[in-house]
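Visitor: Chains as they are written, first to last, in the numbering used here: chain C, 70 to 337; chain U, 70 to 337.
Every residue gets a Cβ at the ideal spot worked out from N, C-alpha and C, and that includes glycine.
This one's a predicted model, so the numbers in the text were calculated from it and none came from an experiment.
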DNA sequence: CGCCTTATTGACGGACCTCAAGCTAAGTGG
DNA sequence: CCACTTAGCTTGAGGTCCGTCAATAAGGCG
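(1) Closest by CA to residue 241/C, which one among 156/C, 152/C, 183/C and 160/C?
(2) Per DSSP, residue 85/C is paired with what?
(3) Counting only C-beta atoms, is residue 138/U closer than 8 Å to chain C at any point?
(4) Taking only beta carbons into account, state which residues of the segment 152 to 173 of chain C come closer than 8 Å to chain U, listed in chain order.
(5) From the DSSP output, read off the bridge partner residues of residue 143/U.
(6) Could you tell me the distance, in whole angstroms, from the CA atom of residue 224/C to the CA atom of residue 238/U?
(7) Which whole-angstrom value is the C-beta distance of residue 156/C and residue 124/C, which I expect to be below 8 Å?
(8) Can you give the Cα-Cα distance for residue 228/C and residue 200/C, rounded to whole angstroms?
(9) What are the start and end residues of the beta strand (DSSP E) that includes residue 157/C?
(10) Checking contacts by CB at 8 Å: is residue 98/C closer than that to chain U?
(11) Short check: CB of residue 184/U to CB of residue 260/U, under 8 Å?
(12) Going by DSSP in three states, residue 163/U sits in which element: helix, strand or coil?
(13) Helix, strand or coil: which one does DSSP assign to residue 182/U?
(14) With distance defined between alpha-carbon atoms, name the residue in 151/C, 89/C, 143/C and 222/C nearest to residue 298/C.
(15) Anything in chain U within Cβ reach of residue 135/C, meaning under 9 Å, just list it in chain order.
(16) Contact criterion: CB-CB distance below 8 Å. Does residue 86/C meet it with respect to chain U?
(17) Report all residues from its chain with a CB closer than 8 Å to the CB of residue 84/C; omit the five preceding and five following residues, and keep chain order.
(18) Please report the residue range of the beta strand (DSSP E) in which residue 122/C lies.
(19) Could you tell me the alpha carbon to alpha carbon distance between residue 118/C and residue 164/C, rounded to whole angstroms?
(20) For a contact meaning CB atoms closer than 8 Å, what does residue 210/U contact in chain C?
(21) For residue 256/U, I'd like the list of residues in its chain whose CB is within less than 8 Å of its CB, leaving aside the five on either flank, ordered along the chain.
(22) Using a Cβ-Cβ cut-off of 8 Å (strictly less than) and excluding sequence neighbours within five positions of residue 315/U, which residues of its own chain qualify?
(23) If contact means a Cβ-Cβ distance below 7 Å, which residues of the segment 180 to 194 of chain U contact chain C?
(24) List the DSSP bridge partners of residue 240/C.
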């Protein structure tokens, strides 16, 4: 939590105010449902460790997933602003979530106006990412959808501070890949096989490893603009980083004032 | 513009500040492209009259539309926050757009912290609507997709203050319906024919008229929760309304503090 | 080892796309 | 007033991408 706050693109008083706010840490295991839309919710939830997926379900049980939640991100602003969540959140890994009561969050908003502005940045970027997913599901064939998803996750992990070599390794059950892309697991499996045959990816156990990032991005017709790279990177100069660079040591809240480096889909 | 500001769920000082802000009105005709993502953009754009559609395109020219923009809504927050737009905006009717320079908007943010909070509400709701569209495109068959879209537009127009009888009349070219739903115009045409055969809708000239709103909502498995109805309705008590209640007289910025009435998909 | 979850592979069917005409309504100009 | 055009919609035939159903692996874990 402290690590998480320190990297926010906020001034010291804001950071200190967040650190001074009473909060609760909850832990979940891989596969757990972190929350459901039919539960009462009186707290903001911020993911601090691990990876989670937002999804909705249809009456017949079919699922559609909108996005991953990476560390240092609010899981669900609707919960604070409207008092209800509009989706399920599932833990894809073991997960740590910080809860801050809605009343305290609104109090923070009132006392530190930079905080809602920061969240406005995050949410605008979130919508942009969701728009791109809709474009994939609505108009791209399965193989491009998959190539696009893999490229997007690789880039977002890099932007969050994961080393490029690690970011090429994607651990996501095919059931979830299908739920992101609007495909069945069977078709995901077949499509992965095609990418493998094209030499763009490899599979090791349950992980997909990107072998040719540039080729994959080209197949996906990937244009990274929608990620608004400046908004995920830490603000100005990123703070010095501790030894291990696993998923959640860094991130940054994203936000205003961050120039961010240009991202190209053609590197490597 | 004045009409528009008066209905915002903001206190008087905020409203006055917005009214005092220098701005420019631009008019477009049906079919015009209001802006494109590759243009420089240094101003916030607020739709005050008419109807517009946000969309992205693929290299092969296929289009995917995310959402309609109704009057009294920001067209594109990315433009202010990131300096670039991430989509095209097309005028579906003749349209009036107010432009306020980014610098002045950011100044308003700084002086009146309620304004970014209001936009945060809007954007959270926008994302929720987009999520539901993704669910449609990813997992619902064409006939439900269409039923859902028609129901959503009807309800949103009602929430924006359009009389229920008028809200049942939907004027949207089939090309655009297809772009919202990820379908070809041919298939949209065939699907409309099915709904007509089921007695749920009628067609008059270019308009679709909903004949059985409840039946359509049932077919769509429509759950209105994602619209966060409280956020579109004017705050507390809605101000008295002038004579004509066409598309754009009312609306309201949506936002905090608005309880809003419960919406049911089963009325009428 | 036996069980359970996850992934693979195949045969088949169907929802939706493609391509191609033809239709209607609303202009436009003579 | 009547060709002629144009934009939007409709209709049909045929094909394909992806879903469904079902059987078979292949790990993980007690």
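Guide: In short, the structure shows the following:
(1) As a position in the first chain, residue 241/C is number 172, starting the count at 1. The residue with the shortest Cα to Cα distance from residue 241/C is 160/C.
(2) On the first chain, position 16 is the one that residue 85/C refers to. Note: residue 85/C sits in no beta bridge, so no partner.
(3) Counted from its first residue, the second chain places residue 138/U at position 69. No, because no Cβ of chain C sits closer than 8 Å to the Cβ of residue 138/U.
(4) 153, 155 and 156
(5) Numbered from 1 along the second chain, position 74 holds the residue referred to as residue 143/U. According to DSSP, which records beta bridges pairwise, residue 143/U is partnered with 115/U.
(6) Against the first chain, residue 224/C aligns to sequence position 155. Against the second chain, residue 238/U aligns to sequence position 169. One C-alpha to the other measures close to 44 Å.
(7) Within the first chain, numbered from 1, the residue matching residue 156/C stands at position 87. Within the first chain, numbered from 1, the residue matching residue 124/C stands at position 55. Contact flag correct, Cβ pair sits at about 6 Å.
(8) For the purposes of this step, residue 228/C is identified with residue 159 of the first chain, where counting begins at 1. For the purposes of this step, residue 200/C is identified with residue 131 of the first chain, where counting begins at 1. Roughly 19 Å separates the two Cα atoms.
(9) Position 88 of the first chain, counting from 1, holds the residue named residue 157/C. Residues 157 to 160.
(10) Locating residue 98/C in the first chain gives position 29, where the first residue counts as 1. Output row for residue 98/C: interface = no.
(11) Looking up residue 184/U in the second chain gives position 115. Looking up residue 260/U in the second chain gives position 191. Not in contact: residue 184/U and residue 260/U (Cβ atoms no closer than 8 Å).
(12) Walking along the second chain from the start, residue 163/U turns up at place 94. Residue 163/U falls in the coil class under three-state DSSP.
(13) Your numbering for residue 182/U matches position 113 in the second chain. Three-state result, residue 182/U: coil.
(14) Your numbering for residue 298/C matches position 229 in the first chain. Comparing Cα positions, the closest option is 222/C.
(15) As a position in the first chain, residue 135/C is number 66, starting the count at 1. In chain order: 196, 199, 200, 203 and 204.
(16) Walking along the first chain from the start, residue 86/C turns up at place 17. Judged by the 8 Å Cβ criterion, residue 86/C is not in contact with chain U.
(17) The sequence position of residue 84/C within the first chain is 15, counting from 1. 74, 75 and 77, listed in sequence order.
(18) To locate residue 122/C, count along the first chain from 1; it is residue 53. Counting along the chain, the beta strand (DSSP E) containing residue 122/C begins and ends at 121 to 126.
(19) Residue 118/C sits at position 49 when you count from the first residue of the first chain. Residue 164/C sits at position 95 when you count from the first residue of the first chain. Taking the straight line from one Cα to the other gives about 5 Å.
(20) Here residue 210/U corresponds to residue number 141 of the second chain, with the count starting at 1. Near residue 210/U there are no residues of chain C at all, since even the closest Cβ is about 11 Å away, more than 8 Å.
(21) One-based indexing of the second chain puts residue 256/U at position 187. These residues qualify, in order along the chain: 211 and 247.
(22) Reading the second chain from its first residue, position 246 is the one you call residue 315/U. Any reading at residue 315/U must be qualified, since the residue scores a pLDDT of 35, below 50, and its modelled position is unreliable; the value itself is stated next. For residue 315/U, where only same-chain residues beyond five positions count, the Cβ hits under 8 Å are 231 and 235.
(23) 182, 185, 186, 188, 189, 190, 192 and 193
(24) Within the first chain, the letter at position 171 stands for residue 240/C. For residue 240/C, which the question treats as bridged, DSSP gives the partners 276/C.
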